[in-house]
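For reference, the structure discussed in these notes is given below.
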Amino acid sequence: MTAADLRPPPTGWTVVVPVKSTSRGKSRLDVDPAVRPGIALAMARDTLAAVTAARSVGAVLVVAGDPADVPALIGDSDRAVLLDPVDDLNAAIALGVRQAAARGATRIAVLPGDLPSLRPVELDAALTLAAHHPLAVVPDQDTLGTTLLTATDVRLLVPAFGLHSFRRHQDAGAVPLDLPAGSGLRRDVDEIDDLLRAGGTNTLAALRDAGLLPCAAAAR
1227 MTAADLRPPP TGWTVVVPVK STSRGKSRLD VDPAVRPGIA LAMARDTLAA VTAARSVGAV
1287 LVVAGDPADV PALIGDSDRA VLLDPVDDLN AAIALGVRQA AARGATRIAV LPGDLPSLRP
1347 VELDAALTLA AHHPLAVVPD QDTLGTTLLT ATDVRLLVPA FGLHSFRRHQ DAGAVPLDLP
1407 AGSGLRRDVD EIDDLLRAGG TNTLAALRDA GLLPCAAAAR
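So, in structure tokens, the structure goes:
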């Protein structure tokens, strides 16, 4: 599906999920570079499956960095996919937010594509809390980065993802949402230890195919 095929979103949150080109993504993971793209794509698929299944989500807009990833990211869903070959996370998010606004979206949420442990009920709970604040933010498990940024008015959302983004989003007026550190919404994957504790059907299958599953089971 292309931007030209997008229709006005149904009632609910519009969620923008940026997915960096999996051929270049997750370079910090200490695994065989040959298996890294498959693991990155599997994590994105698990993240998108959870987002799509959340009851409070009305539309999912994926901003993909590589056209080769698009078929797997769409799957059998009606997710809309935009292509953004520029390797800049905030630029990709801004593109998705602009497209969501053009579709008439009101409530907007952004989360990265590396949350394979996310469960739909966790996202629903967070978005229920977020609905009470013009801007809201969820930190990662280290309370440094951002795993969810929301706005009840799409015009308010200005992404500032990257190192120490949680503080930047707070400084911009986003209210932190009180979620437990063990929530799948806070468990992004940056290092090998994060990966070995990850859940998600596709991610576990990718770990098994890469010969990492016994290590993953021990770490969990």
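Numbering follows this note's numbering, in which position 26 of the sequence shown is assigned residue number 1252; successive positions increment by one, without gaps. Cβ atoms here follow ideal geometry from the backbone N, Cα and C, with glycine treated the same way. All values derive from a computational prediction rather than experimental measurement.
Q) Can you tell me the Cα-Cα spacing of R1381 and T1332, whole angstroms? A) 8 Å
**Q.** Under the three-state DSSP convention, the category G1410 falls into
**A.** coil
Q: Determine the extent of the beta strand (DSSP E) in which A1335 is found, giving its start and end residues.
A: 1334-1336
**Q.** Other residues of its chain near P1346: CB distance less than 6 Å, five sequence neighbours each side excluded
**A.** A1276, A1279, A1280
(Q) If you reduce the DSSP assignment to three classes, tell me which class D1397 lands in. (A) helix
Q. How is T1240 classed by DSSP in three states: helix, strand or coil?
A. strand
Q: Tell me V1448's beta-bridge partners as DSSP assigns them.
A: In the structure as shown, the chain begins at 1227 and stops at 1446. Residue 1448 is therefore absent and cannot be evaluated.
Q: Look at A1352 and T1369 and say whether their C-beta atoms are less than 9 Å apart.
A: no
Q: Could you tell me whether the segment 1349-1366 touches the segment 1381-1398, using the rule of 3 or more Cβ pairs below 8 Å?
A: yes
**Q.** Whether V1242 touches A1326 by CB criterion (9 Å)
**A.** yes
Q.
Taking the beta carbon of E1348 as the centre, do at least 16 other beta carbons fall within 10 Å, making it buried, or is it exposed?
A. buried
Q) Run through DSSP, which three-state label would L1341 get? A) coil
**Q.** 8 Å contact criterion, which P1293 and L1309 should meet: CB distance rounded
**A.** 6 Å
**Q.** Which residues DSSP lists as bridging P1402, in chain order
**A.** V1363
Q) Got a sec? Which residues, its chain only, sit under 6 Å from A1270 by beta carbon, not counting five neighbours each side? A) V1245, G1339
Q) Who pairs with V1245 in a beta bridge, going by DSSP? A) A1290
Q) Buried or exposed: which applies to V1312, given that a residue is buried once 16 or more other Cβ atoms fall within 10 Å of its Cβ? A) exposed
Q. Can you tell which of P1342, A1317, R1262 has the C-alpha that lies nearest to the C-alpha of L1383?
A. A1317
Q) Cβ atoms of V1288 and G1238: under 9 Å apart, would you say? A) no
Q: Hey, could you find the ends of the beta strand (DSSP E) V1307 is sitting in?
A: 1306-1309
Q) Hey, would you say T1429 sits closer than 9 Å to L1421, going by beta carbons? A) yes
**Q.** Alpha-carbon to alpha-carbon, G1437 and L1374
**A.** 31 Å
Q.
Relative to the C-alpha of L1299, which candidate in D1314, A1266, A1320 has its C-alpha closest?
A. A1266
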